[in-house]
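**Q** Heads up: the sequence shown at position 230 corresponds to 237 in our numbering, and the numbers run straight through without jumps.
Here a beta-carbon is modelled for each residue, glycine too, at the ideal position from N, C-alpha and C.
Just passing along the structure, written as structure tokens.
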Amino acid sequence: MTDALTKLLETRDWLLADGATGTTLFNMGLSSGDAPELWNVDKPENIAKLYQGAVDAGSDIFLTNSFGGTASRLKLHGAEDRVFELNKAAAEIGRQVADAAGRPVIVAGSMGPTGEIMEPMGPLSYDAAVEMFFEQAKGLKAGGADVAWIETISSPDEYKAAAEGAAKAGLPWVGTMSFDTAGRTMMGVTSAELANMVEKLDTPPVAYGANCGTGSSDLMRTVLGFAAQGHERPFIAKGNAGIPRYVDGHIHYDGTPELMADYACMARDAGAKIIGGCCGTTPEHLKAMREALETRPRGPRPTLEQIVEKLGAFSSASDGTDDKGPAKRERSGRRRRT
């Protein structure tokens, strides 16, 4: 049976995804260092409000509040035995919001990195990672998620393990990596390598792409890297709302709704089928993105010069595909969509 996301992609030229989770939850009172996933049970009304904000802004897809929902991440908060419960609750709240939308809306079960370093450089084995993601995906599926949304991954092995865990749970999946070091992930993966890797997986994704990273300019350059490989699989652009600035003790992203509207249309013209925002992206940004996508005519694929002119300078001279980026290395970070 065709999954809900694939069906929707077949009927539309583009889909609007959601924005940031952390930004919204921090504005609701979540403290830095707390586990947002606990709010799925402790403050479900806030999570429903988070999802509803994206739907009201025009999103066709929103991600569940489960980015750190693996046992390894929840262990930091003494909640490693609550993986199924917290992920199921995240998806259940999402299912209720989506079903009440009056139009097709996809509930995407967010699955972020484990925060552990994988073998041979670290202690986490591939099989253990698969089981960790499988446990999370089972909860998301039980709660009614349409698709597993693997995001902010840096390591090819962790990406594959998450995909295997989702498939083992019977969920279709999409997967994005974060490209932030001269066009590469922290583990040295380029846009070209990801695009070609997903085509070889036993259970390939519905779509793949990039999220987070530095700013919208760099993410657009990565998107052009996907397009250059010539595969027909849909790809995703989910960039931050500008560049983070430290102001009055808080992190603020300097991307305006107008800039994100320009980015959304450029991503569409570059070939992205699913377009959204990551850190710093609010419903206000999403509304501007939706309006621009609906009203501005499709244009030619943007050039690097046009990207810089509209969105700002790149953070590095290289996009990684010219072999001038950093060497591959094994690192793992704890990041979430803020």
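What number of angstroms, rounded off, separates the C-alpha of residue 112 from the C-alpha of residue 135?
**A** Locating residue 112 in the sequence shown gives position 105, where the first residue counts as 1. Locating residue 135 in the sequence shown gives position 128, where the first residue counts as 1. So the alpha carbons of these two residues sit roughly 33 Å apart.
**Q** Pick helix, strand or coil for residue 322, following the three-state DSSP scheme.
**A** Residue mapping note: residue 322 aligns to position 315 of the sequence shown, counting from 1. Three-state result, residue 322: coil.
**Q** Return the chain-ordered list of same chain residues with a C-beta closer than 7 Å to the C-beta of residue 65, the five sequence neighbours on each side being excluded.
**A** For the purposes of this step, residue 65 is identified with residue 58 of the sequence shown, where counting begins at 1. Counting only Cβ-Cβ distances below 7 Å, and skipping sequence neighbours, we find 23, 293, 294, 297.
**Q** Give me the Cα-Cα distance between residue 70 and residue 150, rounded to the nearest whole angstrom.
**A** For the purposes of this step, residue 70 is taken as the residue at position 63 of the sequence shown. For the purposes of this step, residue 150 is taken as the residue at position 143 of the sequence shown. Computed Cα separation, rounded: 13 Å.
**Q** To which residues does DSSP link residue 242 through a beta bridge?
**A** Start at 1 with the first residue of the sequence shown, and residue 242 comes out as number 235. For residue 242, which the question treats as bridged, DSSP gives the partners 215.
**Q** Considering just the uninterrupted stretch of the alpha helix (DSSP H) at residue 141, what are its terminal residues?
**A** Working through the sequence shown from its first residue, we reach residue 141 at position 134. Residue 141 -> alpha helix (DSSP H) spans 133-150.
**Q** Helix or strand or just coil, what does DSSP make of residue 183?
**A** Sequence index remark: in the sequence shown, residue 183 carries index 176 (1-based). Looking at residue 183 - three-state DSSP - the assignment turns out to be strand.
**Q** For the stretch 157-172 against the stretch 110-125, do three or more pairs of beta-carbon atoms, one drawn from each stretch, fall closer than 8 Å, so that the two count as touching?
**A** At 8 Å Cβ cutoff, the stretches touch.
**Q** Going by Cα to Cα distance, which pick from 328, 312, 329 is closest to residue 321?
**A** Here residue 321 corresponds to residue number 314 of the sequence shown, with the count starting at 1. Per the Cα distances, 312.
**Q** In whole angstroms, what is the alpha-carbon distance linking residue 6 and residue 140?
**A** Lying outside 8 to 345, the shown extent of the chain, residue 6 is not represented and no answer is given.
**Q** Just to confirm the assignment, what range does the beta strand (DSSP E) spanning residue 46 have?
**A** Position 39 of the sequence shown, counted from the start, is the residue given in the question as residue 46. Run containing residue 46: none in the beta strand (DSSP E); it sits in the alpha helix (DSSP H), 46-49.
**Q** Expressed to the nearest angstrom, what Euclidean distance is found between the alpha-carbon atoms of residue 144 and residue 217?
**A** Position 137 of the sequence shown, counted from the first residue, corresponds to residue 144. Position 210 of the sequence shown, counted from the first residue, corresponds to residue 217. Taking the straight line from one Cα to the other gives about 21 Å.
**Q** Opposite residue 156 in the DSSP bridges: which residues?
**A** Counting from 1 along the sequence shown, the entry for residue 156 is found at position 149. According to DSSP, residue 156 bridges with 117, 181.
**Q** Taking residue 169 and residue 182 to be in contact with their CB atoms under 8 Å, please state how far apart those CB atoms are, rounded to whole angstroms.
**A** What you label residue 169 is simply residue 162 of the sequence shown in a count that begins at 1. What you label residue 182 is simply residue 175 of the sequence shown in a count that begins at 1. The Cβ separation is near 7 Å, so the contact holds.
**Q** Could you give the residue range of the beta strand (DSSP E) that holds residue 283?
**A** On the sequence shown, residue 283 is found 276 positions in, with the first residue counted as 1. Residue 283 -> beta strand (DSSP E) spans 281-284.
**Q** Could you check how far apart the C-beta atoms of residue 96 and residue 47 are, in whole angstroms? I think they sit under 8 Å.
**A** In the sequence shown, counting from the first residue as 1, residue 96 sits at position 89. In the sequence shown, counting from the first residue as 1, residue 47 sits at position 40. Contact flag correct, Cβ pair sits at about 4 Å.
**Q** So what does residue 35 bridge to, in DSSP terms?
**A** Position 28 of the sequence shown, counting from 1, holds the residue named residue 35. The partner list for residue 35 (beta bridge, DSSP) is empty, contrary to what the question assumes.
**Q** Starting from residue 74, trace the alpha helix (DSSP H) both ways and give me its first and last residue.
**A** For the purposes of this step, residue 74 is taken as the residue at position 67 of the sequence shown. Counting along the chain, residue 74 falls outside any alpha helix (DSSP H), and DSSP gives it neither H nor E.
**Q** Return the CA-CA distance between residue 127 and residue 80, expressed in angstroms with no decimal places.
**A** For the purposes of this step, residue 127 is identified with residue 120 of the sequence shown, where counting begins at 1. For the purposes of this step, residue 80 is identified with residue 73 of the sequence shown, where counting begins at 1. If I take the Cα positions, the gap works out to 20 Å.
**Q** State the start and end residues of the unbroken alpha helix (DSSP H) segment that holds residue 10.
**A** Along the sequence shown, one-based indexing puts residue 10 at 3. Run containing residue 10: none; DSSP gives neither H nor E here.
**Q** To the nearest whole angstrom, what separates the beta carbons of residue 213 and residue 15, a pair I think is in contact under 8 Å?
**A** By one-based count along the sequence shown, residue 213 stands at place 206. By one-based count along the sequence shown, residue 15 stands at place 8. Not quite, the Cβ-Cβ distance comes to about 10 Å (not below 8 Å), so this is no contact.
**Q** With distance defined between alpha-carbon atoms, name the residue in 299, 323, 39, 290 nearest to residue 61.
**A** Indexing the sequence shown from 1 puts residue 61 at position 54. Nearest of 299, 323, 39, 290 to residue 61, Cα basis: 290.
**Q** Per the DSSP calculation, residue 125 is bridged to which residue(s)?
**A** Position 118 of the sequence shown, counted from the first residue, corresponds to residue 125. For residue 125, which the question treats as bridged, DSSP gives the partners 131.
**Q** Would the beta-carbon of residue 78 fall within 9 Å of that of residue 42?
**A** Stepping through the sequence shown from its first residue, residue 78 is reached at position 71. Stepping through the sequence shown from its first residue, residue 42 is reached at position 35. Taking 9 Å as the Cβ cut-off, residue 78 and residue 42 do not qualify as a contacting pair.
**Q** Could you check whether residue 287 and residue 248 sit closer than 9 Å to each other, using their CB atoms as the reference points?
**A** Indexing the sequence shown from 1 puts residue 248 at position 241. Indexing the sequence shown from 1 puts residue 287 at position 280. In this structure, residue 287 lies closer than 9 Å to residue 248 by Cβ.
**Q** What does residue 23 pair with, by DSSP beta-bridge criteria?
**A** As a first step, residue 23 must be located in the sequence shown, where it is residue number 16. DSSP output for residue 23 lists 282 as bridge partner(s).
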